[in-house]
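Protein sequence lines correspond, in order, to chains A and B. Here the first sequence is numbered in numbering that gives the first Met the number 0, starting from 0 and rising by one per residue. Here the second sequence is numbered in numbering that gives the first Met the number 0, starting from 0 and rising by one per residue. Every residue, glycine too, gets a C-beta built ideally from N, C-alpha and C. Small disclaimer: the values here were computed from a predicted structure and weren't measured. Worksheet: the structure to be examined is printed underneath.
There are 2 protein chains.
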Amino acid sequence: MIGHPTFVTEPWSVRETSLDLDTLAQTESVFALSNGHIGWRGNLDEGEPYGLPGSYLNGVFEIRPLPYAERGYGNPESGQTIINVTNGKVMRLLVNDEPFDVRYGELRSHERCLDFRAGVLGRQAEWVSPAGSAVKVSSTRMVSLTQRSIAAICYEVEPVNQTTRIVVQSELIANEQLPVPGRDPRGTAALTEPLVEQADASRGARAGLVHATRESALIVAVVMDHVVEGPPGTLVQSESFPHLGRTMVSTTLEPGQRLRLVKVVAYGWSGSRSLPAVRDQADAALAAAMQTGWEGLLAEQRSYLDRFWACADVELDGDSAIQQAVRFGLFHILQAGARAEGRAIAAKGLTGPGYDGHAFWDTETFVLPVLTYTSPDAAAHALRWRHSTLPLAIERARQLRLNGAAFPWRTIRGEECSGYWPAGSAAFHVNADIACAARRYVRATDDTTFEQTIGLDVLVHTARLWRSLGHHDGNGRFRIDGVTGPDEYSAVADNNVYTNLMAQENLSAAADAAARHRDCATELGVDDEEMTSWREAAASMVIPYDQMLGVHPQADGFTCHEIWDFANTTAEQYPLLLHFPYFDLYRKQVVKQADLVLAMQLRPDAFTPEQKARNFAYYERLTVRDSSLSASVQAVIAAEIGHLDLAEDYLAEAALMDLDDLEHNTANGLHLASLGGIWTALVAGYGGMRHTDAALSFTPRLPPALTRLAFGLHLAGRTLRVEVSGAEATYSIDNGKPLQLLHHGQPVDVSADQPATCLIPDVAPLGPRPTQPRGRAPHRRHRTRM
Amino acid sequence: MIGHPTFVTEPWSVRETSLDLDTLAQTESVFALSNGHIGWRGNLDEGEPYGLPGSYLNGVFEIRPLPYAERGYGNPESGQTIINVTNGKVMRLLVNDEPFDVRYGELRSHERCLDFRAGVLGRQAEWVSPAGSAVKVSSTRMVSLTQRSIAAICYEVEPVNQTTRIVVQSELIANEQLPVPGRDPRGTAALTEPLVEQADASRGARAGLVHATRESALIVAVVMDHVVEGPPGTLVQSESFPHLGRTMVSTTLEPGQRLRLVKVVAYGWSGSRSLPAVRDQADAALAAAMQTGWEGLLAEQRSYLDRFWACADVELDGDSAIQQAVRFGLFHILQAGARAEGRAIAAKGLTGPGYDGHAFWDTETFVLPVLTYTSPDAAAHALRWRHSTLPLAIERARQLRLNGAAFPWRTIRGEECSGYWPAGSAAFHVNADIACAARRYVRATDDTTFEQTIGLDVLVHTARLWRSLGHHDGNGRFRIDGVTGPDEYSAVADNNVYTNLMAQENLSAAADAAARHRDCATELGVDDEEMTSWREAAASMVIPYDQMLGVHPQADGFTCHEIWDFANTTAEQYPLLLHFPYFDLYRKQVVKQADLVLAMQLRPDAFTPEQKARNFAYYERLTVRDSSLSASVQAVIAAEIGHLDLAEDYLAEAALMDLDDLEHNTANGLHLASLGGIWTALVAGYGGMRHTDAALSFTPRLPPALTRLAFGLHLAGRTLRVEVSGAEATYSIDNGKPLQLLHHGQPVDVSADQPATCLIPDVAPLGPRPTQPRGRAPHRRHRTRM
């Protein structure tokens, strides 16, 4: 829980004021640039030292066999692993005879800064070579949000104390050697030399490489061009080899003189188009970007982000670190989704190879809520990607002998890639999560075309899945047995409350949507009988309840299980999954991540306030948060129940997950779900926002330390702005139809020329502050408060 | 369900009257010879054609990595696989210019016969070569029950129609090429060239090879010697190579002349002794056997078997096929255990590589009951082997964060080799099964030394396991959550009735044994407090019961699950595990093998007769018998409930499992558990034998088709002989202390000079004949009866 020692708290950037080689991999994730199509980790320009080199293209993966000690029907035989594509970031620098390397010589100063409004990563360093030549190096790097195939670097060198021979080698490097992955199951699979040479070429200040992957048969083209400014006599030459493209710039600089290179890199890839087509596509993108020029790219980038922040920004007074974190989170969420267009948003975005680059339910449940209200087009793209995998999900359902569609637990292209079914395919809730995200998008945008086509298709196929997965028992109750809920320390249980509640809504919503869009539904083969069967299943859904304890068991029997021996579990034994067998975790009351508590967030209607308070207190005692998907959810429900300080602690944990590397694996990539969770903890937590078919409601209430919270939401073409202080909340919209919302349960009308200001009622928390397992309480954000 | 077309029904042998190349692998298993130390599959003498070549040494295995698509704490990282050791069976024959090969030329006659009393496999063939030379070949093969390192062959050739040049090559072949294994998870792992050459030598009619295994680092020595009888001028020469030892005998025979070779093969192996020591051990065994000579080996073999059959034989009048089968079963059970001495009895014995040569709970639950009463020394050896692995089981328990010992689900040497924990390590019942087998042995033999040492040690460590695996819930009831019972179509459930009942007895018995042997228990650290905690756990053990249905659910919630859609499951979809995912099987009411029904056999005291009848009828409707561990158990309970004809059907299924290849995988080795189950179905089924601490009881009752059943049991130094006819049963003992037993609930006293004859009461079956899932009813043994 130690914050990164050299990050400065600033409202609109993450600034690192000196270089710490031990946390290099973490900072490479934090400083990663992406537009959802290209991802460049924040590796140092000169390539070395590195924590983990990483350049990614969304959807570029290799297939690897999934081995099993014992075979089982339905186990996927191959998986998909994100690969490190050609590295276009490298700018090697020779200072007189010596390579610029921060490990040698003297690094007088080093600063990196990720600017959320400019959308660039800046770097300034002053270095003295072992032989005594001092240079200043500065670089600015971007992955363009406006030109999706383009990344660019402006690199400048300037000698400080003497005439210096300078060589800059701007490179494209394929098949970089990667560190050997560790044994943590949350890491990535090792793939050596995934790229097979197809072509290479160079000319003037340009060079390009084309490669193919072996099994997944994708073609990847990378080309670069340069604008070089240096003193007369500066020599520029390019060459190419199978795995190396290189433009070398050599010159001699006096102190005060400067060498400046603008490097523009264009990536293209395809699984269906020919090599010449992919090569030409990259060349064309490069030509366009060269025409735009560095200043033009910078201006476009800032303008794109200005538009984003205009609505999406969340302002918070009273905690500058959280203020920074929520913008950091929004920036990375935007980077992950902005230009994904037809591809997945992975759990780590394109910031690292963790989880093999797979997308999980995280996307729909933790990332899309944010994008839906802050960048609805990106949300629509992500949902369209899911929908594009529907044929594979239908095929998977058939393989599992189920109806409808079974979306994969983890995937890159759409095929199930989970090699451990109890925590993979059995987690069918992913299907309801997808349906829920599609409905959320329609609710927020009123996009009826989307609903009629994609939304209905997803709802119908997921409803069919649930109908065939569950059954009516002897008493007519609809049960869903033997599936895995969100909590990964339980598996294969009967009637997981989260799953059943989400499936219930999925079934009803499918019937409702089919009724609204009769013709489209008929085309999907839906008839009255099927709709009735969905409604009946929803109406008779089993929701277990432990009368004796007065709480909902996470699943049948859960509250009868032995409570984990927290007293004898040491700090070093967390995360538990690395130190205890699954069989032991599954059979005891210990919760990795919000499950029943998440159900209370997503199905607020299914619980009374008292049940919420009792359930929350019960599960707080069991939840160890060995997952980054938990703290934000706990923040939301803690806030709802009135434990505003506890909510603040969880908010901070979600907010600092990556900036402070709380789970010690930010090195492998950022935790997008947790980054999205910061926004959710503020908007749905302190803002109390809930958006159901029935109403858009807010129950804003701030803890004493926070004096102001303001956020904007895209709502069907307008922006709703919510301003919350300790005493009152103001709701305003910028244009369009008036809006009715609920403020602490009271209807409030807002129109473009009539904002509404409402008092915030004073409410005592329901019950005492809940306690957590020994050693697992969240860090107290404000120790001095009682 | 088609019987092998060319097996003749004979009381004391299995005779095959012609050769069917399509069922070669099955017959190689049926005709396998073993003494528990060496196993030779019934491959043809000349080596080819073969179904699956196989020569095994108990305990000789190779280590292989167990791969996982996703890592998990506690998953074993390496497994053990039985290897095909040096083949000493091969006798190649050259007839003039042509190799004797049944696939070419004309096979005029071919007969093989496994003789249960002689303990040999005989073969006679008459063959005409493509060029027209006719020869008669006969061989007799044995694996010695009296000299455990020895196997031997007597091989004779005789020309029929012309002067014939004959060459016999008697060989030792290492690293035979094996067929590629299929995808069936019940098969074996592929290991190519497991044997690494260490030494080879030849001299006169002798040759020998010494090899080592790579990872398991075992040394295996094989030597052979010959006695050759042929016409003058017969030439004998031997040679050796790294993977081949060969003695070549060449001669020319006139019709009426004969060449006769006696080949004696000695195997030695060790994981701790040096190469010279292992080589000398094999040479010494060979010298001894050569001194005994072929006739001497034959005589010893018959004498050993005479002693075995004197008590163990089961006589059955009215069904000659079952009569044959029960002796076939007893013969193979004896072969598997006779000389295992310090090694496991694997699920397939040493008859094939199925299940990687692993031992499971099958040994203790299905094989040892037979050996305990028919060959108690072999049972003691098997239990001593388990006990020798206790340190590994203690270590495994520690790894799983449990107390006591956790014996492996599958193993060769003692380490857990299960690579799929829900159907492996989670099946903790194996520990109670081992404890139960140890208690059964003590009960049958009164071997108090064994009880004080091995028995107590096993009981204490397994009781400690159960105490730490279960917990007292809020109501004080002792629950065992999240474990897997015998039925492999369910997994990781709470309070599996079989497991809980077996654990209950395990806990009580450990406390009782510790009380009987205070000093020994104290040495194991057992104190009053621990004993009390065991008794309390046993006393408050949760045994779920479904009041509404009036049956015991197999585990919590089982009877609420969806019933498998048997109506839409086709015959080709069995076994279900090859066509449906585990997740679907686990969550529905479908039973692979007796689970609750086995509980009723092993814990008869825990159920009322009415409960037994209702439970049996309920589970009959759900049990598909995709396992060979089921039919015999169903036979026992069907008989108890009075469904004598249904019991007969199940008895026949168990009896013909391998002779008729009912599961289509006898090719990989015999189903020892089912072979043992034949005896159990007769003795515990129609004989109604139950042996508890309280009493030895019988409830004999025969179906109309069977007119007489007689069997013997070793009981504490005497033999109890039970003779059952339709009307009465006679109990007699041959010597020693008088015996009190229960006959249909009535006490009966038997002494050496006072047999007891008792009438058999007429009892109606409890309820109508239970029904089975569509297409899964057992074959009706007697269709004509109503």
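Are any of the Cβ atoms in chain A nearer than 9 Å to that of residue i?
{"i": "B:Ser627", "result": "no"}
{"i": "B:Asp583", "result": "yes"}
{"i": "B:Tyr787", "result": "Any answer about residue 787 of chain B is impossible in this case: the structure gives chain B only from 0 up to 785."}
{"i": "B:Leu576", "result": "yes"}
{"i": "B:Arg517", "result": "no"}
Would you report the Cα separation of residue i and residue j, rounded to the nearest angstrom?
{"i": "B:Gln600", "j": "B:Val747", "result": "23 Å"}
{"i": "A:Gly26", "j": "A:Leu56", "result": "Residue 26 of chain A is actually Thr in this sequence, not Gly. When rounded, the distance between both Cα atoms is 20 Å."}
{"i": "B:Leu621", "j": "B:Gln572", "result": "16 Å"}
{"i": "B:Asp376", "j": "B:Arg385", "result": "14 Å"}
{"i": "A:Asp312", "j": "A:Val525", "result": "42 Å"}
{"i": "B:Ser148", "j": "B:Leu32", "result": "13 Å"}
{"i": "A:Glu69", "j": "A:Asp564", "result": "32 Å"}
{"i": "B:Asp316", "j": "B:His713", "result": "22 Å"}
{"i": "A:Lys448", "j": "A:Asp511", "result": "Reading off the sequence shown, one finds Thr at residue 448 of chain A, where the question assumed Lys. Using only the alpha carbons, I get a separation of about 16 Å."}
{"i": "A:Phe99", "j": "A:Val89", "result": "12 Å"}
{"i": "B:Gly121", "j": "B:Ser138", "result": "6 Å"}
{"i": "A:Leu329", "j": "A:Trp678", "result": "7 Å"}
Can you tell me whether DSSP reads residue i as helix, strand or coil?
{"i": "A:Ser417", "result": "coil"}
{"i": "A:Met247", "result": "strand"}
{"i": "B:Ile165", "result": "strand"}
{"i": "B:Ser374", "result": "coil"}
{"i": "A:Asn333", "result": "One point to set straight first is that residue 333 of chain A is Leu, not Asn, in the sequence displayed. Of the three classes helix, strand and coil, the one that applies to A:Leu333 here is helix, per DSSP."}
{"i": "B:Trp533", "result": "helix"}
{"i": "B:Tyr338", "result": "This sequence places Arg at residue 338 of chain B; Tyr is not what is there. DSSP places B:Arg338 in coil when its eight states are reduced to three."}
{"i": "A:Phe30", "result": "coil"}
{"i": "B:Tyr649", "result": "helix"}
{"i": "A:Pro241", "result": "coil"}
{"i": "B:Gln256", "result": "coil"}
{"i": "B:Gln79", "result": "strand"}
{"i": "B:Leu584", "result": "helix"}
Short of 7 Å in beta carbon distance, which residues of its chain neighbour residue i, apart from the five on each side in sequence? Order them along the chain.
{"i": "B:Leu285", "result": "Val222, Asp224, Val263 and Ala265"}
{"i": "B:Tyr103", "result": "Pro129"}
{"i": "B:Ile332", "result": "Val366, Val369, Leu370, Leu671, Leu674 and Gly675"}
{"i": "B:Gly475", "result": "Ser539"}
{"i": "A:Asp18", "result": "For clarity, residue 18 of chain A is Leu in the given sequence; the question names Asp instead. Val101, Leu106 and His109, listed in sequence order."}
Taking 9 Å as the CB-CB limit, is residue i close to chain B?
{"i": "A:Asp493", "result": "yes"}
{"i": "A:Ala776", "result": "no"}
{"i": "A:His560", "result": "yes"}
{"i": "A:Ser673", "result": "no"}
{"i": "A:Val482", "result": "yes"}
{"i": "A:Ser215", "result": "no"}
For residue i, go through chain C and note every residue whose CB falls closer than 8 Å to its CB, in chain order.
{"i": "A:Phe579", "result": "Structure shown: chain C not included; protein chains present are A and B."}
For residue i, collect the residues of the same chain with a Cβ closer than 8 Å to its Cβ; drop the 5 residues on either side in sequence, then sort them by chain order.
{"i": "B:Glu727", "result": "Thr756, Cys757, Leu758 and Ile759"}
Item checked: Near-chain B residues of the region 522–554 of chain A - C-beta to any C-beta below 7 Å -> For the region 522–554 of chain A, which is checked against every Cβ of chain B, not one residue is closer than 7 Å.
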